[in-house]
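Residue numbering for the sequence shown follows the working numbering, starting at 99 and increasing by one per position. The beta-carbon is built from N, C-alpha and C at its ideal position, and this holds for glycine as well. Computed from a predicted structure; not experimentally measured.
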Amino acid sequence: MKIPNGQQIIEEFEKWSPKYLAMEGDPVGLHVGTLNKKVERVLVTLDVNERVADEAIAKGANLIIAHHPPIYRPIKSLQTDFPQGRLMEKLIKHDIAVYAAHTNLDVASGGVNDLLADALGLKDSKVLVPTYEAELVKIAVFVPKSHEEEVRNALGKAGAGAIGDYEYCSYTMPGTGRFRPTAEANPYIGEPGKMETTEESKIEVVIRKTEKDRAIKAMIAAHPYEEVAYDVFTLENKEVAMGLGRVGLLETEATLTEFAELVKARLDVPAVRVVGPLEKKVKKVAVLGGDGNKYVQAAKRSGADVYVTGDLYFHVAQDAEAMELAVVDPGHHVEKVMVKGVVNHMSKRSDWQCEFIASEVDTEPFQFR
99 MKIPNGQQII EEFEKWSPKY LAMEGDPVGL HVGTLNKKVE RVLVTLDVNE
149 RVADEAIAKG ANLIIAHHPP IYRPIKSLQT DFPQGRLMEK LIKHDIAVYA
199 AHTNLDVASG GVNDLLADAL GLKDSKVLVP TYEAELVKIA VFVPKSHEEE
249 VRNALGKAGA GAIGDYEYCS YTMPGTGRFR PTAEANPYIG EPGKMETTEE
299 SKIEVVIRKT EKDRAIKAMI AAHPYEEVAY DVFTLENKEV AMGLGRVGLL
349 ETEATLTEFA ELVKARLDVP AVRVVGPLEK KVKKVAVLGG DGNKYVQAAK
399 RSGADVYVTG DLYFHVAQDA EAMELAVVDP GHHVEKVMVK GVVNHMSKRS
449 DWQCEFIASE VDTEPFQFR
């Protein structure tokens with residue numbers, strides 16, 4: 099196993115949650131420090147505050163992956179006798195880098211909103227508010243049979259062949275390659291000046307257009323030929339839309355009271371705010387992590403009986419009540435599901451000598467009495 103550097107870790111993370119999925123103006127990416135260093139331990143947290151920084155120091159983590167950006171608005175000064183200045187000073191002094199994945203992780207397949215939908219036991223969940231529809235391309239490459247698996251794996255590791263809940267998808271077709279190396283060539287098969295035929299396989303994979311260059315680079319690095327023959331085709335079909343929130347079905351219908359209790363239990367919160375008649379029957383559920391005030395209308399249009407979101411404003415709650423949409427507000431902090439989700443996802447890289455650990459610091463500012 100090898101110790102990765104910070105850049106390799108973030109490149110792997112962004113295959114799952116690329117920055118281009120973020121909402122406009124969302125300050126995602128590297129906030130503090132450098133990724134140009136070896137990283138043996140990564141701390142995953144919802145928020146970054148001084149207690150989280152102390153935890154990273156105590157546990158030997160020199161990279162933090164956070165959901166909420168620690169620098170959300172431009173900083174005009176860094177005074178170390180104020181909380182934000184003290185935090186930045188501590189992170190920099192201890193060479194701890196901080197990377198934020200915010201709305202891109204909300205949108206990503208398997209990200210915050212999917213984790214919330216899974217926690218609530220929703221079936222057949224779909225995107226609530228589409229925000230991104232990727233253009234797709236197909237890469238077709240011709241490979242000698244001896245290197246089929248190597249090239250397929252390189253493409254898969256680079257993110258090619260990801261279709262819905264499946265990865266490393268490809269199609270392979272046998273054929274015959276024909277070529278004559280010139281005098282200047284250094285052929286892997288054959289001799290300069292002689293016509294050569296060899297058994298080859300055509301491997302086809304689909305990938306987002308925005309990610310094709312990375313996949314092609316990995317493919318060429320794994321290919322034995324000095325001149326790799328490949329084609330890239332633009333596809334008319336689009337990837338299933340990605341976006342904010344999810345809407346799905348409960349296994350069994352419940353009253354709003356019963357559902358509110360389920361939310362408390364599944365999302366580990368001591369209390370929730372509820373809008374709507376407590377005896378109302380609910381089956382179809384919309385969920386959107388964080389502040390979902392802007393998307394109450396979308397939840398209603400989706401046909402949801404109840405909308406689970408945080409930070410509900412008073413007048414928005416009145417609007418939901420008027421349109422007969424029940425709401426359960428468990429607070430903003432339920433996005434903490436991302437901590438375990440990121441740890442589990444990133445720990446799949448078994449060839450890395452790098453530990454991903456969940457923060458044990460509770461950054462919820464509210465107490466319930």
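Exercise for the section: Pick out whichever of Tyr230, Ser115 and Thr274 has its Cα sitting closest to the Cα of Lys336. Expected result: Tyr230
Exercise for the section: Compare the C-alpha of Ser223 against each of Gly208, Lys434 and Asn134 and name the closest. Expected result: Gly208
Problem - Own chain residues within Cβ distance below 6 Å of Glu233, not counting five before or after - result: Lys307
Exercise for the section: Quick one: grab the DSSP three-state call for Gly208. Expected result: coil
Exercise for the section: Rank Arg467, Val383 and Arg447 by C-alpha distance to the C-alpha of Glu109 and give the top, closest one. Expected result: Arg447
Practice task
Report yes if the CB atom of Leu376 is closer than 7 Å to the CB atom of Thr407, and no otherwise.
Solution key: no
Problem - Lys379, enclosing beta strand (DSSP E) - first and last residue - result: Lys379 to Asp389
Practice task
Taking only the alpha-carbon atoms, compute the straight-line gap between Lys113 and Gly257 and give it to the nearest angstrom.
Solution key: 6 Å
Handout entry: Lys136 and Ile101 closer than 7 Å at C-beta
Key = yes
Handout entry: From Lys255, Gly291, Arg278 and Glu298, residue whose alpha carbon lies closest to that of Lys315
Key = Lys255
Practice task
Starting from the N-terminal side, write out each stretch of the beta strand (DSSP E) that is 3 residues or longer and does not extend beyond the segment 113-180.
Solution key: 127-130, 139-143 and 161-164
Handout entry: Exposed unless 16 or more other CB atoms sit within 10 angstroms - verdict on Asn134
Key = exposed
Practice task
Flag this pair as yes or no: are the beta carbons of Val146 and Val196 separated by less than 7 Å?
Solution key: yes
Problem - As assigned by DSSP and simplified to three states, the class of Arg184 - result: helix
Problem - DSSP state of Glu356 mapped onto helix, strand, coil - result: helix
Practice task
Have a look at Gly390, Asp389 and Val404 and flag the residue whose alpha-carbon is nearest the alpha-carbon of Val383.
Solution key: Val404
Practice task
Would you check if the segment 210-221 and the segment 342-356 touch, i.e. whether three or more CB-CB distances between them fall below 8 Å?
Solution key: yes
Handout entry: Within 7 Å, strictly: CB atoms of Ala156 and Leu185
Key = no
Problem - Length of the line joining the Cα atoms of Ala339 and Ala164 - result: 25 Å
Exercise for the section: Pull up the distance between the alpha-carbon of Gly374 and that of Val425, whole angstroms please. Expected result: 7 Å
Exercise for the section: Measure the alpha-carbon distance for Glu433 versus Asp179 and round it to whole angstroms. Expected result: 30 Å
Problem - Three-way DSSP call (helix, strand, coil) for Ala195 in this model - result: strand
Problem - Assigned secondary structure, Arg371 (DSSP; H/G/I helix, E/B strand, else coil) - result: strand
Problem - For Asp311, the three-state DSSP class (helix, strand or coil) - result: helix
Problem - First and last residue of the uninterrupted alpha helix (DSSP H) at Leu253 - result: Glu246 to Lys255
Problem - Element boundaries [beta strand (DSSP E), containing Val406] - result: Val404 to Gly408
Handout entry: First through last residue of the alpha helix (DSSP H) which encompasses Asp417
Key = Phe412 to Ala420
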